[in-house]
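Residue numbers (the UniProt record's numbering): 1 to 546. All residues carry an ideal CB built from backbone N, CA and C; glycine is no exception. On a predicted model such as this, the values are computed, not experimentally measured, just so you know. So the structure is just underneath, and the comments pick up after that.
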Amino acid sequence: MEREKSTHPAVMTSIEDSPVPRKISPIDEIWTNAHSLKTATTFLKDRSDSHTPLHLQNFVSGDFTPTVSSSAGSWIDSFNPKTGALFAKVPCTQPDDVEAAVQAAKAAFPAWAKTSRVERSQYLQRISDLIKLDREKFAVWESIDQGKTLERARIEVDRAVANFSYFATYILHEQTAARMIDGVALTYEHRSPAGVFALISPWNMPLYLLTWKLAPCLAFGCTAVAKPSEITSMSAFLLGRVFQEAGLPRGVINIIFGDGPTTGAALVASPLVNGVSFTGGTETGIAIRQATAAQIGKHLSLELGGKNPTLVFSDSMLPEHRDRTIRIAASAAFENQGEICLCGSRIYVEKTMYDDFVRHFTDYVAKTYVLGQTVGAVASLQHYNKIRGYLQLAAKDGATFNLGGVPAALLPPDDDDITVISNSEERGYWIPPTTLTNVPLDSLVLKDEIFGPVVTISSFQDEQEAVSLANDSEYGLAAVLLTADGARMRRVGEQLEAGMVWVNSWLVRELGTPFGGMKNSGTGREGGDSSRDVFTVVRTMHLPSF
Ligand SMILES: NC(=O)C1=CN([C@@H]2O[C@H](COP(=O)(O)OP(=O)(O)OC[C@H]3O[C@@H](n4cnc5c(N)ncnc54)[C@H](O)[C@@H]3O)[C@@H](O)[C@H]2O)C=CC1
Ligand SMILES: O=C(O)/C=C/C=C(\O)C(=O)O
């Protein structure tokens, strides 16, 4: 079916409509033959039957090209988390090919940096429109690749669309500060693009989080080499085609695939890279900071792990508020299988309402978050085993399993059979929403980022204890506060060691607000002006006043 050309007004004006001339590559086969769940499933079955898994290709200087490394045979297997089946091969790009991609971004930088805001805004809006046109294709492949439900994937594609359209408008209305020095001089902030960026994204919300970096990077006139997680490379692979269709100048955005130690490490360490925007685990954030320590002027934005508290005060469990409280706490716990850095995995309830909360919460979760329907598979076998290890530890520590994967959780960790712990007939990395009570305060289940469909529910006596428990973590990314008391919203909320605090809501996102964490949850913020600070350099000009 021939897709309608975008009729977005911005598109029909100054942008050259002829797409970048394409070399035929595996992307073409997907683009025409696998654009829905049905056709993608057929595509994968045909590939599986013929033992020819899809081989992804890097997108460098506007073309999909096999890398030297891929011809050297260094490939990474990519699996479908819902079935455990191999479905794609991802090139593990070697340092020489990484450097070639960085060179392409560097070569494209001077011209892109000089484009007008209006032109960059039009490119961003065109990209947004093109992703929207292919919403279902992106959602289907994200769901197959990451394990999330198709419905959840659609939501995240919509968020990716919004990322580009937000920054398309932001740069048209960007303001800068000007000040007078007592009538003697005029000062103002002059900003220019910071240069070439490494954009490194994780496997939990692959498209959404990569576009959260790509959009401001493009908006502020920078060029980039993007590297998605080797566990979930599909949506980045599809994005390359969108950049071609948008007519983005060659080399402005380059997308390479590979792992962290080989590909990612070479990318962040390149002396030609002026900045790194990274989202992922804290350990990796530390490694990146160490690797770039000597390049002291390199911009770093590190959005890392979290172990976020949800505080439930008794007044939020009164009949008029209870449904909202339960819904928010459950959503924060189990959306995207708990694979969101903002998830509320430590629930603390005021003692007087503890039993009431546990009962209503587990009843609601059992009905609302159903494995295989509203809850997907976790992203990889490695992650599945990590989570199962924590469930076994919880059992050893004497936790009570109020809901979820008790029987299989106790299986020995070296059981290499992917034992299905759901009622699904499929094999795969399925872990049911699991709720734990009676978890000892010193248990690693309460300390470590599990990053899956596992939450603990503990109690507190009063506000002081609630704040103390919430802040008793090496992380400080997000927090949820549920109360009907207006004064308490500020009194408690402003004491929480978290970069973002949601009161009687969760994951309500205004893209202009600073997004990021404190303590081991990272360095820097992104979003609106914060993204501008990441992707631009500023010089304060002083003009004599006349
Ligand atoms: N904050 C978040 O959204 C996320 C947090 N996590 C947490 O981190 C833990 C570890 O997850 P991983 O899959 O290992 O994520 P990771 O943090 O290792 O991977 C994230 C990205 O960083 C890249 N990377 C890894 N090592 C690198 C290096 N030395 N230099 C440059 N890039 C590098 C990876 O290839 C991937 O693209 C998870 O179990 C979870 O607890 C994982 C994913 C997302
Ligand atoms: O912005 C959002 O809605 C979610 C962001 C999630 C992350 O940054 C993460 O999981 O790392």
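Closer than 8 Å to some heavy atom of ligand 2: that does not describe the Cβ of tryptophan 430. The distance from the Cβ of proline 110 to that of threonine 536 is about 16 Å, inconsistent with a contact at the 8 Å cut-off.
Remark: the C-beta of alanine 265 is in contact range of ligand 1, defined as less than 8 Å to any heavy atom. Aspartate 63 sits in a strand when the DSSP states are folded into three classes.
Annotation for alanine 185: His542, Leu543, Pro544, Ser545 place their beta carbon closer than 7 Å to its own, counting only its chain and skipping 5 residues before and after. Contact check for isoleucine 347 and threonine 310: beta-carbon distance about 5 Å, within the 8 Å limit, so the pair qualifies. Taking C-alpha positions only, isoleucine 288 is separated from lysine 519 by approximately 16 Å. When only Cα atoms are considered, glycine 251 and glycine 280 end up about 25 Å apart.
The beta-carbon distance between serine 270 and valine 492, rounded to whole angstroms, is 45 Å. This is too long to meet the 8 Å contact definition. In this structure phenylalanine 64 is not in contact with isoleucine 30, their Cβ atoms being roughly 11 Å apart against a cut-off of 8 Å. In this structure, asparagine 308 and arginine 152 do not form a Cβ contact; the two beta carbons are roughly 19 Å apart against a cut-off of 8 Å. Counted as a single uninterrupted DSSP element, the alpha helix (DSSP H) harbouring phenylalanine 43 occupies residues 37-49.
Per DSSP, proline 91 is one residue of the beta strand (DSSP E) stretching across 85-91.
Straight-line spacing of the CA atoms in glycine 389 and histidine 51 works out to 33 Å. For tyrosine 429, the three-state secondary structure derived from DSSP is coil. Leaving aside the five residues that flank glutamate 465 on each side, none in its chain has a CB nearer than 8 Å to its CB. Taking all protein chains shown into account, leucine 441 has fewer than 16 neighbouring C-beta atoms within 10 Å of its C-beta and is therefore exposed. The beta carbon of arginine 135 lies closer than 8 Å to those of Arg154, Val157, Asp158, Val161 in the same chain, with the five residues before and after it left out. Where aspartate 77 is concerned, the enclosing beta strand (DSSP E) starts and stops at 75-80. The DSSP-derived three-state label of threonine 262 is helix.
Secondary structure within the segment 192-229: the beta strand (DSSP E) runs of 3 or more consecutive residues, fully enclosed, are 196-200, 223-227 (chain order). For histidine 360, the enclosing alpha helix (DSSP H) begins and ends at 354-368. One thing to note: alanine 329 has its Cβ no nearer than 9 Å to the Cβ of phenylalanine 278. Relative to ligand 1, the nearest heavy atom lies less than 8 Å away from the CB of asparagine 204. Given a length threshold of 4 residues, each whole run of the alpha helix (DSSP H) inside the segment 251-332 is given here in chain order: 265-269, 282-291.
Put simply, the backbone Cα of threonine 211 is about 27 Å away from that of glutamate 189. Counting along the chain, tryptophan 502 sits inside no alpha helix (DSSP H); it lies in the beta strand (DSSP E) bounded by residues 500-503. For alanine 178, the pairing in a beta bridge is given by DSSP as Tyr188. Rounded to whole angstroms, threonine 32 and isoleucine 326 show a C-alpha spacing of 44 Å. In this model, alanine 40 and arginine 427 are separated by some 19 Å (Cα to Cα). Secondary structure at serine 443: coil, using DSSP grouped into helix, strand and coil. For histidine 383, the enclosing alpha helix (DSSP H) begins and ends at 381-396. Proximity of the beta carbon of leucine 381 to ligand 1 is not indicated: no heavy atom of the ligand is located closer than 8 Å. Between the segment 482-502 and the segment 452-471, the count of C-beta pairs closer than 8 Å reaches three or more; the two stretches touch.
In this structure, the beta-carbon distance from serine 233 to phenylalanine 257 falls below 9 Å.
Counting along the chain, the unbroken alpha helix (DSSP H) around threonine 169 starts and ends at 150-170.
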